[in-house]
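A.B. asks:
In the UniProt record's numbering, the protein residues as written are 1 to 101.
1. What residue range does the beta strand (DSSP E) around residue 15 cover?
2. Starting from residue 90, trace the beta strand (DSSP E) in both directions and tell me its first and last residue.
3. Under 8 Å by Cβ, that's how I've got residue 70 and residue 47 pegged, so tell me the actual separation to the nearest angstrom.
4. Residue 50 and residue 95 look like a contact to me (Cβ under 8 Å); what is the Cβ gap, rounded to whole Å?
5. Output the residue ranges of the beta strand (DSSP E) runs that lie fully inside the region 50-79 and measure 3 residues or longer, sorted by chain position.
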């Protein structure tokens with residue numbers, strides 16, 4: 001901390017703190033925890049496996065149980081993950097149907 005840093009009032013804690021510290025605290029609070037079907041915490045880049053057969057709307061295709069999805073991306077929603085799969089563009093899966101590998 002430098003002596004010339006701006007201090008701001010944090011209404012949640014009722015304390016004065018450096019602006020950079022408050023910004024870091026708010027950024028951490030904005031992150032959403034995404035958990036798979038068995039409760040494992042998911043992160044960007046994880047590999048997941050489907051736990052049941054899923055019909056993909058609009059693609060006329062069914063993804064079978066046990067299908068490996070590589071390199072997921074979190075969407076900011078606690079229940080949805082963005083996935084890449086050959087032949088299907090814009091695949092979004094619900095976290096309740098996958099298990100972390």
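No residue lacks a Cβ here, since even glycine has one placed at the ideal position from N, Cα and C.
Quantities reported herein were computed from a predicted structural model and do not represent experimental measurements.
C.D. replies: Let's see:
1. Counting along the chain, the beta strand (DSSP E) containing residue 15 begins and ends at 15-18.
2. 88-94 is the span of the beta strand (DSSP E), which, as asked, contains residue 90.
3. That pair is a contact at about 5 Å.
4. Not a contact, Cβ separation roughly 12 Å.
5. Taken in chain order, the unbroken stretches of beta strand (DSSP E) that lie wholly in the region 50-79 and span 3 residues or more are 54-56, 61-63.
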